[in-house]
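Numbering (this note's numbering), first residue to last: 726 to 931.
Using N, Cα and C, we set each Cβ at its ideal position, and we do this for glycine too.
Since this is a predicted model, take the numbers as computed values, not measurements.
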Amino acid sequence: MAEFIVNCNLCLLRYSPNVSFYVTTCGHMKCEPCTAKSDDKTKCAVCKSPAQLIPINNNLNPEMLPFFRPLSYSVDQAKQISKFQDQNKTIIIKNLKNKCKFVKGEMVKCYGALHDLKRENASLHLQLQNMLKAASGNKSVPNRPPIFPTSDCSASSSIFSIQPNALGSNPTLFPQSTTPWTNSSRIGTRMNAHRPFNVRISIAEI
């Protein structure tokens with residue numbers, strides 16, 4: 726690639742260490758002889774616009790040095806700059822991918838733990854509902870009477886009860902004294918003695 730050529734924009738004199746050259750703030754170059762011929766040193770001799778003169782030498786401002794270097798040097802420098810920046814970008818992207826992978830793994834663990842907690846919560850909720858239903862069912866059962874009577878039951882609640890009138894009507898249980906006027910009825914009394922014992926038996930309600 727050809728090197729950049731510095732020459733005067735007025736007389737086209739090529740740059741030489743023996744001749745001083747200047748560059749204006751508007752971007753034009755001129756040699757010392759052309760500058761000396763100019764009447765107004767505050768204006769550019771090429772475009773006539775207000776401008777300042779900056780000497781072209783090794784003490785040039787670093788911001789302006791790339792304009793006077795060969796383009797190949799600028800391209801190589803740009804490649805090095807691009808390589809440096811790309812290398813750092815690659816490192817940053819790699820670190821971000823690793824962090825993203827780690828975060829995804831933690832999210833999967835959290836989702837799994839959340840699913841287990843939801844399932845456990847549903848199971849506990851179902852157990853609680855069953856316990857509440859069982860408790861409400863026990864409260865609704867009516868009080869049933871005891872199958873066997875207790876000691877404070879009345880005499881009428883006994884299983885077998887003998888009526889007093891049945892005992893009083895049997896002459897064998899309560900014999901009468903023999904008198905002359907009762908002899909005539911002994912035969913009937915003996916016949917009655919062979920009759921079944923007249924006892925009324927009633928089964929009490931349970």
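For residue i, three-class secondary structure by DSSP
| i | result |
| --- | --- |
| Leu778 | strand |
| Asn732 | strand |
| Arg739 | strand |
| Leu851 | helix |
| Pro791 | helix |
| Ser807 | helix |
| Ser763 | coil |
| Asn783 | coil |
| Ile887 | Note on Ile887: pLDDT 49, under 50, position unreliable in the model; no value is reported. |
Delimiting residues of the beta strand (DSSP E) encompassing residue i
| i | result |
| --- | --- |
| Lys755 | Met754 to Cys756 |
| Thr749 | Phe746 to Thr749 |
Beta-carbon gap between residue i and residue j smaller than 8 Å
| i | j | result |
| --- | --- | --- |
| His753 | Val771 | yes |
| Gln777 | Thr760 | no |
| Val748 | Glu757 | no |
| Ser774 | Lys766 | no |
| Cys733 | Lys755 | yes |
| Pro791 | Ser797 | no |
| Ile779 | Phe793 | no |
Residues bridged to residue i [DSSP beta-bridge criterion]
| i | result |
| --- | --- |
| Lys768 | Pro775 |
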